Amino acid sequence: MCGSDHSTGVRLVVRNPAVAGQFYSGSKESLAKEAGVLIEGAAEKKEDAIGVISPHAGYVYSGTVAGLTLSSIKPKPIYLIMGPNHTGLGNPFSLSASDSWATPLGNVTVNKTLSERILKNCPQISRDEFAHIHEHSIEVQLPILQILQENFTMVPLVISQGSIEQYRRIGQAIAKSIKELKLEKDIAIIASSDMTHYESRESAEEKDSRAIDAILKLDEEALLERVKQFDISMCGYAPAAIMIIAAKLLGAKKAKLIKYQTSADISGDYSSVVGYAGIVIG
Numbered sequence: 018m019c020g021s022d023h024s025t026g027v028r029l030v031v032r033n034p035a036v037a038g039q040f041y042s043g044s045k046e047s048l049a050k051e052a053g054v055l056i057e058g059a060a061e062k063k064e065d066a067i068g069v070i071s072p073h074a075g076y077v078y079s080g081t082v083a084g085l086t087l088s089s090i091k092p093k094p095i096y097l098i099m100g101p102n103h104t105g106l107g108n109p110f111s112l113s114a115s116d117s118w119a120t121p122l123g124n125v126t127v128n129k130t131l132s133e134r135i136l137k138n139c140p141q142i143s144r145d146e147f148a149h150i151h152e153h154s155i156e157v158q159l160p161i162l163q164i165l166q167e168n169f170t171m172v173p174l175v176i177s178q179g180s181i182e183q184y185r186r187i188g189q190a191i192a193k194s195i196k197e198l199k200l201e202k203d204i205a206i207i208a209s210s211d212m213t214h215y216e217s218r219e220s221a222e223e224k225d226s227r228a229i230d231a232i233l234k235l236d237e238e239a240l241l242e243r244v245k246q247f248d249i250s251m252c253g254y255a256p257a258a259i260m261i262i263a264a265k266l267l268g269a270k271k272a273k274l275i276k277y278q279t280s281a282d283i284s285g286d287y288s289s290v291v292g293y294a295g296i297v298i299g
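Going by my numbering, the sequence shown wraps up at 299, each residue one higher than the last.
Structure, rendered in structure tokens:
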């Protein structure tokens, strides 16, 4: 969708929501109520987060974990949100070409200054909207953030599978760009990921504990090794690895598990679950 900035006459590109009315409520009033409930259990003491892992399933399943996690951190003016590519569309490492992203709660502006700096510092990343058009992993984070604070900008990055070397180069470029613009205190990097998919709750909890342990140790190599060794179907392991790499370069020293649960807590089906973890790194 396009619109015009009447003050400049420039035509603005707005990325319309792909999963409003599916993963979360489709109207402003119902979404405000739904997202508001998800942050009701927020802790009073907020973590000064450099990095975050937050799930991206439908709010009925993963919203409690996402809400508790995102409401546990101090609000930041900028969020760099990385999500995996579920659609197979677009380039492997794609930065949204849109000027803003719409949700039923309003539009979130894409931070072009940081986006351009990342593109300059990282040849692996390209500006490509095809990877974003139907992808839900970044979108579902936005309404919760919008309920938590009125104003923020974002950098949306879709991350596909690659090598540890590619992840390192991207993480290093992200940290370098943030440092060059002196944004260290103004940004949190969110890796959007669910954990194990469609296994028994017992199996999911066992596998996810291995991945979570690596994340809590800020060990991206161990995370990638365990995902491969134990066949952990964590969809956002690549965004998580890049986030850990960048966060450590920005001074992160510790990680905290906010909440873990599975879809069985909602569905009652223990034979085939999806795991959800919320982790804060600072």
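Where a beta carbon is used, it is the ideal one built from N, C-alpha and C, also for glycine.
Note that the structure is a prediction, hence the values are computed from the model and not measured.
Would you call the stretch 49-68 in contact with the stretch 167-182, where contact means no fewer than 3 C-beta pairs closer than 8 Å?
Taking a cut-off of 8 Å for Cβ pairs, the stretch 49-68 and the stretch 167-182 do not touch, as fewer than three such pairs fall below it.
Looking at Lys-273 and Ile-204, is the spacing between their C-beta atoms short of 7 Å?
Sequence index remark: in the sequence shown, residue 204 carries index 187 (1-based). Sequence index remark: in the sequence shown, residue 273 carries index 256 (1-based). Going by beta carbons, Ile-204 and Lys-273 fall outside the 7 Å limit.
Determine the closest residue to Arg-185 out of Ile-142, Ser-113 and Ala-148, with distance taken between C-alpha atoms.
What you label residue 185 is simply residue 168 of the sequence shown in a count that begins at 1. The residue with the shortest Cα to Cα distance from Arg-185 is Ile-142.
Candidates Asn-102, Ser-180, Gly-107 and Ser-194: closest to Glu-156 by CA position
Stepping through the sequence shown from its first residue, residue 156 is reached at position 139. Per the C-alpha coordinates, the member of Asn-102, Ser-180, Gly-107 and Ser-194 positioned closest to Glu-156 is Asn-102.
Run the CB neighbour count on Lys-45, radius 10 Å, all protein chains shown included, and call it buried at 16 or more, exposed below.
As a position in the sequence shown, residue 45 is number 28, starting the count at 1. Exposed, by the Cβ-count rule.
Length-filtered (3 minimum) beta strand (DSSP E) runs lying within the stretch 126-193
For the stretch 126-193, whole beta strand (DSSP E) runs of length 3 or above, ordered along the chain, are 170-176.
Check each candidate in Val-36, Leu-165 and Pro-72 and name the one with the smallest Cα separation from Thr-120.
For the purposes of this step, residue 120 is taken as residue 103 along the sequence shown, with counting starting at 1. Ranked by Cα distance from Thr-120, the first of Val-36, Leu-165 and Pro-72 is Val-36.
Identity of the residue in His-214, Glu-219 and Leu-267 nearest Ala-74 by Cα:
On the sequence shown, position 57 is the one that residue 74 refers to. Proximity to Ala-74 across His-214, Glu-219 and Leu-267 peaks at His-214, based on C-alpha coordinates.
Can you say whether Arg-134 is buried or exposed, counting buried as having 16 or more other CB atoms within 10 angstroms of its CB?
Sequence index remark: in the sequence shown, residue 134 carries index 117 (1-based). If you draw a 10 Å sphere on the C-beta of Arg-134, you find 16 or more other C-beta atoms in it, and that means buried.
Local conformation of Val-77 per DSSP, three classes:
Taking the first residue of the sequence shown as 1, we reach residue 77 at position 60. DSSP places Val-77 in helix when its eight states are reduced to three.
Pairing CB atoms from the stretch 103-111 with CB atoms from the stretch 76-95, are three or more of them under 8 Å?
Flag = no, the stretch 103-111 and the stretch 76-95 do not touch.
Do Ile-98 and Gln-158 come within 7 Å of each other at the CB atom, strictly closer than that value?
Here residue 158 is taken as the residue at index 141 of the sequence shown, counted from 1. Here residue 98 is taken as the residue at index 81 of the sequence shown, counted from 1. In contact: Gln-158 and Ile-98 (Cβ atoms closer than 7 Å).
Take the Cβ of Gln-39 as the centre, count every other Cβ of all protein chains shown within 10 Å, and call the residue buried at 16 or more, exposed below.
Translated into the one-based positions of the sequence shown, residue 39 becomes position 22. Flag for Gln-39 reads exposed.
Counting along the chain, where does the beta strand (DSSP E) carrying Val-290 start and finish?
For the purposes of this step, residue 290 is identified with residue 273 of the sequence shown, where counting begins at 1. Counting along the chain, the unbroken beta strand (DSSP E) around Val-290 starts and ends at 290-298.
Do Met-212 and Met-260 have their C-beta atoms within less than 7 Å of each other?
The sequence position of residue 212 within the sequence shown is 195, counting from 1. The sequence position of residue 260 within the sequence shown is 243, counting from 1. The answer is no: Cβ separation not under 7 Å.
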